[in-house]
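So the sequences go chain by chain: S and R.
Using this note's numbering, read the first sequence as starting at 1 and increasing by one per residue.
Using this note's numbering, read the second sequence as starting at 1 and increasing by one per residue.
Here's the structure we're looking at; comments come further down.
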Amino acid sequence: MIGHHGLLFIVVWPIIAAFICYLIGRRSKDIRDYFACFAVLLELFVVLIIAASAANNSNPPVFEWFGFMGYKIHLKMDGFRAIYAIITAFMWAMTTLFSREYFAHYRNRNRYYFFSMLTLGGTMGTFLSADLVTTFLFFEIMSFSSYVMVVHDERPATIKAANTYMAVAVIGGLALIFGIFIISNLFGTTEISALFEAARNFEGNKTMLYVAAAFLLVGFGGKAGMYPIHIWLPNAHPVAPAPASALLSGVLTKTGIFGIIIMSALIFYQDYNWGMAMLILGVAGMFTGALLALFSIDLKRTFACSSVSQIGFIMVGIGMQCVLSAKYAPLAIQGTMLHMVNHSLIKLVLFLVAGVVYVNLHELDLNKVRGFGRGKPLLTFSFLMGALSIIGIPLWSGYISKKLLQKSIAYHIESFADYSIISTFFQSLEGIFILTGGLTTAYMIKIFICLFLEKNQFDDAKMTLLNKKYIATGSAAVLVFSALTLPILGFRPSALMIPIAKFGQNFMLGTDFYTNVSFFDAPTLLGALPSLAIGIIVYILIVRCCLMAKDEKGRSIYVNRWPAWIDIEEKIYRPLLMVILPFICAMLARTIGSIVSGVSMVGYKIFVIIKKFWRIKLQRDWVSEKMKDINGFFNTMTARMIELEEGGKRYIINLNNQPKKIMKDISGHLEDYKIRTVFSTLGYSLKLCLAGAAIVLLIVVLYLGAS
Amino acid sequence: MNFLILMPILFPILAGLILPLLKLGNDREKRQKYVGAVVSLTVLSVSIVISAGDLSLRLFQVTNSVYMLLAIDDLSRFFLVLIALLWLLVTFYTFEYIKHEGKDVRFFSFFLMTLGVIMGLCMAGNFFTVYLFYELMTLITYPLVVHSETPAAMKAGTRYLAYSFVGASLALIGFIFVGHFGLTINFTPGGVLDPAMVAGHDNLLLVIFLLTFIGFGCKAGMWPLHAWLPVAHPVAPAPASALLSGVITKAGVLAIIRATFYIFGMDFIYGSWVQITLMCMTLLTVFMGSMLAYKEKLLKRRLAYSTVSQVSYILFGFTILSFLGFEGAMLHIVFHAIIKNILFLAAGAVIYMTHQTYVYELKGVGKSMPITMWCFTIASVALVGIPPTAGVISKWSLAMAGIMSSYPLLGTIGAGVLLVSALLTAGYLISIFANAFFPGADFDYKNLKNTEPVKLMTVPLIILSVCCIFFGMFPTPLMNFIDRIAFALF
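Here it is, written out as structure tokens:
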């Protein structure tokens with residue numbers, strides 16, 4: 001163990017705290033809650049101290065523990081890692097403080113806290129890792145412990161969504177480790193800081209490198225919510241507890257992005273093909289997510305789809321880093337960096353708002369929660385901060401990062417001298433970028449109007465009844481504090497956001513801009529208008545006209561118009577992975593597995609027939625006898641032996657030998673018995689194989705005698 | 001000093017033979033003390049034997065070149081310690097479990113004798129001795145398999161015997177040829193084949209090696225002679241299945257290591273068509289086993305199929321014939337033995353307390369038997385290969401060895417198969433504990449009873465689970481010891 005032990009503390013403390021929390025929780029629930037808050041605040045405090053020292057020091061603190069897991073743990077806290085360590089700790093602190101109220105009426109709270117803390121340790125470790133093996137170690141800890149956070153309330157829908165989450169985690173984890181194997185074999189190192197050099201000097205098979213990267217991309221992209229493996233996000237978020245959703249969306253997806261950045265910035269530095277792949281995946285996710293969010297009529301599902309969309313924005317930024325020349329790349333790098341930070345903080349606020357709604361109403365359906373926010377200024381304020389920021393209104397933080405990303409695309413378009421397919425691609429990319437911004441505006445307006453302006457069509461009195469006592473003071477403070485970060489960051493970008501971007505950009509090999517970007521001059525400000533205008537038009541034309549309808553009592557309600565057949569999970573992934581592949585593979589496996597018994601059985605049957613044939617050869621009616629034999633042969637070939645268990649006794653019955661009536665009796669009551677099909681054949685293989693062995697021995701003796 | 005080597009063999013065998021004569025009657029407690037003392041003393045004698053230097057003892061002569069030889073080297077130490085310690089833990093568990101099965105005297109008598117025979121197998125110094133103990137092991141474990149004497153058990157027992165004898169007869173062929181073509185039959189790192197004799201008969205001997213491998217592979221559950229495992233495990237009492245799966249299969253692996261690295265020698269096999277054949281066969285088994293486990297609904301049979309698949313991970317590691325592959329395989333021997341013991345013992349505990357044998361009946365078991373199911377969970381996670389538990393380290397080495405092997409394509413496909421199998425492992429194990437711990441919001445918490453078994457059953461489980469995590473985090477001492485064995489071979 002060498003290096004800065006504080007880094008080890010950051011990673012291990014939550015894991016230790018998880019156990020302490022659990023033990024305390026068995027005695028007293030209140031003390032447990034206080035302890036959990038203390039633990040996350042201590043974590044935040046230590047992270048801040050170490051990050052401060054990292055910021056003032058040109059050598060970032062590192063920690064290495066050789067021999068752990070037969071390899072080593074390697075942690076490091078440079079700019080990017082420090083920022084994400086702080087955000088992780090901050091978000092965990094906020095959600096844990098919020099959890100006290102949110103979980104007040106939940107069962108199994110002890111379990112939740114335990115796994116939440118474990119996930120914190122895993123997430124910290126992932127962000128601080130300086131070696132892909134370490135990344136993998138913590139990534140897996142995080143994936144599996146966060147499963148428990150998702151599945152928390154154990155309703156059938158939750159369990160289904162959590163299973164999807166688990167499947168993505170397991171498949172992603174294995175793809176990840178496979179990618180790391182290949183990388184380690186090709187480069188001879190898994191050290192993240194050495195990957196850049198290794199990739200530059202790499203002279204081997206580039207295809208193999210892309211294969212490895214594809215596996216890594218499945219692993220990291222699955223967690224990031226990258227299209228088309230974003231499927232867990234829209235399902236898991238609505239069912240998970242709100243604090244968990246905030247963490248999943250705000251922090252856990254970023255661990256995936258962290259991995260994708262490692263690949264894009266270090267392994268595929270300025271690799272055009274890779275950049276284009278990222279761009280296409282990014283655009284697809286960005287647009288699909290926004291469209292899904294527009295159609296969704298579930299509060300948290302909207303936010304979840306919005307996450308898919310925002311991750312798409314980040315992926316576009318990552319793609320632009322690879323595509324742009326080194327001169328302009330810093331724009332995309334800072335844009336990516338800042339959009340990650342913004343998305344984390346925005347989703348924290350939005351999911352906490354959704355949490356407040358859920359705590360009071362236990363509903364998330366837009367029609368049922370409609371009008372909840374009326375007369376609740378605090379909630380309105382918090383939501384507005386998040387919404388304005390995510391839409392990208394000037395003076396809020398989201399504006400800055402979106403602007404940077406958009407400018408990076410715009411600069412790239414300028415660099416094309418003449419018309420070509422590529423330049424059209426980038427022009428349409430910018431178009432989709434603005435259009436998606438418009439959709440973002442539209443779905444946030446939809447939520448805002450629904451939640452804070454309209455009256456509830458079902459039970460409006462209930463909504464206003466809650467006005468004074470819908471939130472506890474502690475939770476309110478957490479909510480407002482989280483919401484305030486957004487305008488504070490966005491108000492003067494040069495004071496906070498640009499330094500953050502500069503602090504983090506080294507990780508993506510970014511340098512400072514060739515020129516200063518101004519955010520608040522007239523043309524840039526006007527640039528925000530198209531998205532807004534599109535948003536308002538979309539809201540009026542699509543949401544008001546197409547996505548709302550009158551029910552039988554004439555009340556105007558939101559309806560889900562998303563065609564049910566467009567569902568990659570239900571239509572492609574689940575049938576493929578749950579039915580088709582297992583069926584084919586199982587058939588293969590059974591065939592392989594029963595070759596020996598099958599062969600020996602057929603051999604024995606032939607032996608029996610030959611024996612009988614010799615015995616009856618001289619009889620006159622041997623033909624009919626033989627027919628009988630063959631009949632019997634097929635009869636026993638298809639023999640179904642079943643084992644019945646009844647009252648502790650077991651019987652083995654050959655169904656073919658039973659008279660029809662008994663068969664009927666049995667088959668009528670099959671479900672009453674525990675029945676297993678018994679494959680009976682192999683007693684004879686012994687004789688056969690001994691005979692075979694004898695023959696082999698004979699041949700061997702002859703062989704030896706001859707030579 | 002050399003006679004000490006007999007202690008771990010003769011002591012449990014004699015104690016097992018005497019047990020029925022002791023007239024302990026129905027006094028369960030006395031019997032438990034007796035068995036516990038015997039096993040503990042055996043472990044003690046093992047510790048004496050392994051620390052007493054390279055002992056060897058020549059027992060009796062059959063012919064000039066064929067004689068019984070017991071010898072201790074690092075590989076024997078490795079297996080002796082592993083098996084003896086696992087046996088000790090399972091013994092304590094069995095005290096409680098056997099109440100459920102009855103016929104304690106017969107069970108413990110054969111249980112002890114099996115221990116002695118396996119100790120003998122570990123210390124065997126030449127091919128003849130291995131063959132002898134191997135056959136003995138088959139015979140002596142038969143009563144453990146058919147313990148319940150139901151028709152299904154008898155049938156399974158017959159199949160077990162049939163397969164084992166077929167396997168052993170194949171190994172016998174190998175033995176005969178080695179006697180003819182080898183300089184000696186004593187185990188020597190690097191092989192004993194006489195190059196002068198072998199010249200010109202390469203292919204014949206490669207076929208013989210293949211047959212020997214398949215023969216010993218029978219006990220290790222390798223395709224094509226794997227079919228006894230899924231039949232024998234569900235009918236045997238849980239401790240017996242745990243040992244069959246965790247330990248007896250490893251005895252087959254040990255015999256294979258001896259044949260591959262100490263008799264035929266890896267230089268002889270390296271790069272030949274047999275190596276490719278064996279790699280393919282093991283990979284086929286890996287895939288087949290995990291796929292069938294995924295489709296199986298009976299818990300213990302699912303675990304048995306899982307053993308088929310996992311032991312072939314180990315064999316795959318050996319067939320790569322590289323340092324890394326050997327290391328990974330040896331690590332997986334330890335980890336799989338620990339993990340499979342946990343899984344079977346936990347499954348046994350569930351069956352013992354709730355009489356549920358099918359996986360879909362285990363809903364909510366995690367609420368009533370938290371400790372047992374936690375151990376089951378840790379072992380499952382380890383078997384899938386999720387850090388920081390033990391399984392990931394061995395699988396890591398195995399997959400890396402595959403990718404870096406002399407057949408890059410086959411090796412990479414191999415690593416892919418291992419990962420697909422890991423995915424299936426996740427599929428067939430995670431569903432069990434997810435169901436057990438997350439029974440759904442409508443689960444009846446009111447009628448929940450704590451059915452945690454007594455400490456005799458849970459403590460061995462906990463110890464094994466702790467090992468499972470501990471070795472995952474700090475495998476270095478173990479790896480160093482394995483490297484010591486490997487350096488002699490590579």
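From the three backbone atoms N, C-alpha and C, an ideal C-beta is built for every residue, glycine too.
Computed from a predicted model, the values in this text were never measured in an experiment.
Compute the distance between the beta-carbons of residue i and residue j, then report whether it is under 9 Å.
i      : j      : result
V251/S : M91/S  : yes
G510/S : A224/S : no
M353/R : A251/R : no
A390/R : T458/R : no
F448/S : A387/S : yes
I400/S : P523/S : no
A528/S : I421/S : no
G219/S : G259/S : yes
F326/R : S309/R : no
F115/S : R81/S  : no
I536/S : I445/S : yes
Y294/R : L424/R : yes
L248/S : T190/S : no
Classify residue i as buried or exposed, calling it buried when 16 or more other Cβ atoms lie within 10 Å of its own Cβ.
i      : result
H152/S : buried
Q406/S : buried
P238/S : buried
P156/S : exposed
W232/S : buried
S290/R : buried
S143/S : buried
P8/R   : buried
L121/R : buried
K455/S : exposed
Just confirm the distance between the C-beta atoms of residue i and residue j, as a whole number of angstroms; I'd bet it's less than 8 Å.
i      : j      : result
S245/S : F351/S : 5 Å
V359/R : R302/R : 7 Å
F107/R : L144/R : 7 Å
G6/S   : V46/S  : 6 Å
P189/R : A488/R : 5 Å
I5/R   : M123/R : 6 Å
H233/R : K300/R : 5 Å
Y227/S : G173/S : Their Cβ separation, rounded to whole angstroms, is 20 Å, which puts Y227/S and G173/S out of contact at 8 Å.
Just checking residue i against the ligand SAH - is the residue's beta carbon closer than 8 Å to any of the ligand's heavy atoms?
i      : result
S296/S : For the structure depicted, the ligand SAH is absent and the ligand set is empty, with no information on it obtainable.
- Query: Are there three or more Cβ pairs, one per stretch, closer than 8 Å when the stretch 281-292 of chain S is compared with the stretch 324-338 of chain S?
  - Reply: no
- Can you give, in chain order, each stretch of the beta strand (DSSP E) that sits fully within the stretch 528-569 of chain S and has at least 3 residues? 548-550, 556-558
- Task: Count the C-beta pairs between the stretch 269-278 of chain S and the stretch 296-307 of chain S that are closer than 8 Å, then say yes if the count reaches three, no if not.
- Result: no
- Using 8 Å as the Cβ pair cut-off and three pairs as the minimum, do the stretch 313-320 of chain R and the stretch 64-76 of chain R touch? no
- Message: Could you check whether the stretch 224-233 of chain R touches the stretch 193-201 of chain R, counting it as contact only if at least three pairs of C-beta atoms, one from each stretch, sit closer than 8 Å?
- Response: no
- Stretch-stretch touch, CB-based, cutoff 8 Å, three pairs: the stretch 332-346 of chain R with the stretch 78-94 of chain R: yes
- Message: Check whether the stretch 319-331 of chain R and the stretch 394-408 of chain R touch, using three or more Cβ-Cβ pairs below 8 Å as the test.
- Response: yes
- Say whether the stretch 474-483 of chain R touches the stretch 63-79 of chain S, bearing in mind that this needs 3 or more beta-carbon pairs closer than 8 Å, one atom from each stretch. yes
- Report yes or no: do three or more beta-carbon pairs, one from the stretch 440-455 of chain R and one from the stretch 366-375 of chain R, lie closer than 8 Å? yes
- Please determine if the stretch 102-121 of chain S and the stretch 32-46 of chain S are in contact, where contact requires at least 3 C-beta pairs separated by less than 8 Å. yes
- Stretch pair the stretch 111-121 of chain R + the stretch 28-46 of chain R: three plus CB contacts closer than 8 Å: yes
- Item | 4-residue-minimum alpha helix (DSSP H) runs that sit fully inside the stretch 280-335 of chain R, ordered along the chain | 299-319
- Meets three-Cβ-pair contact criterion under 8 Å: the stretch 187-205 of chain S and the stretch 157-166 of chain S: no
- Task: Note down, one range per segment and in chain order, each alpha helix (DSSP H) of at least 4 residues found wholly within the stretch 339-405 of chain R.
- Result: 365-368, 370-384, 391-403
- Looking at C-beta atoms only, is the number of pairs between the stretch 370-389 of chain S and the stretch 314-322 of chain S that lie closer than 8 Å three or more? no
- Evaluate contact between the stretch 14-26 of chain S and the stretch 45-60 of chain S, counting only Cβ atoms and requiring at least three cross-stretch pairs below 8 Å. no
- Could you tell me which uninterrupted alpha helix (DSSP H) segments, each at least 4 residues in length, are contained entirely in the stretch 211-246 of chain S, listed from first to last along the chain? 232-239
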